[in-house]
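Visitor: Encoded as structure tokens, here's the structure I'll be asking about.
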Amino acid sequence: MSSFSNPHYMYLFTLKNGKKKLAYGQSPQDALTILSFRLTPEEMDEIVPDDYIKVNQRKLREYIHLLG
């Protein structure tokens, strides 16, 4: 199956310290699952799962200063 059949999006999740964490996936839940593969449980606990914005890749530069 082609990856074009299953589009992925970029999401910025809010961290408890006010910064943002960039993730990608087919949905916000999928993005969190993908993040969990590379982050420790302590790092995952810092993410506020219900507080995110969907970001267009072309506009990602506008959000770089928020990443943490």
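The sequence shown lines up with residues -17 to 50 when you count with our numbering.
The beta carbon of each residue, even a glycine, is placed where N, CA and C say it ideally should be.
1) Could you please give the first and the last residue of the uninterrupted beta strand (DSSP E) stretch that includes residue 35?
2) Out of curiosity, what's the CA-to-CA distance linking residue 31 and residue 40?
3) Look at the alpha carbon of residue 25 and the alpha carbon of residue -13, and state the distance between them as a whole number of angstroms.
4) Thinking just about the alpha-carbon of each residue, which of 46, 33, 49 is nearest to the one in residue 11?
5) Which same chain residues, not among the five before or five after residue 18, have their C-beta less than 7 Å away from its C-beta?
6) Could you tell me the distance, in whole angstroms, from the CA atom of residue 36 to the CA atom of residue 14?
Guide: Reading from the atomic positions:
1) Annotation for residue 35: the continuous beta strand (DSSP E) segment containing it runs 29 to 37.
2) Between the alpha carbons of residue 31 and residue 40 lies a distance of about 24 Å.
3) Going by the C-alpha atoms only, they are around 31 Å apart.
4) Here the closest residue by C-alpha is 33.
5) Correct list, in chain order: 26.
6) Using only the alpha carbons, I get a separation of about 13 Å.
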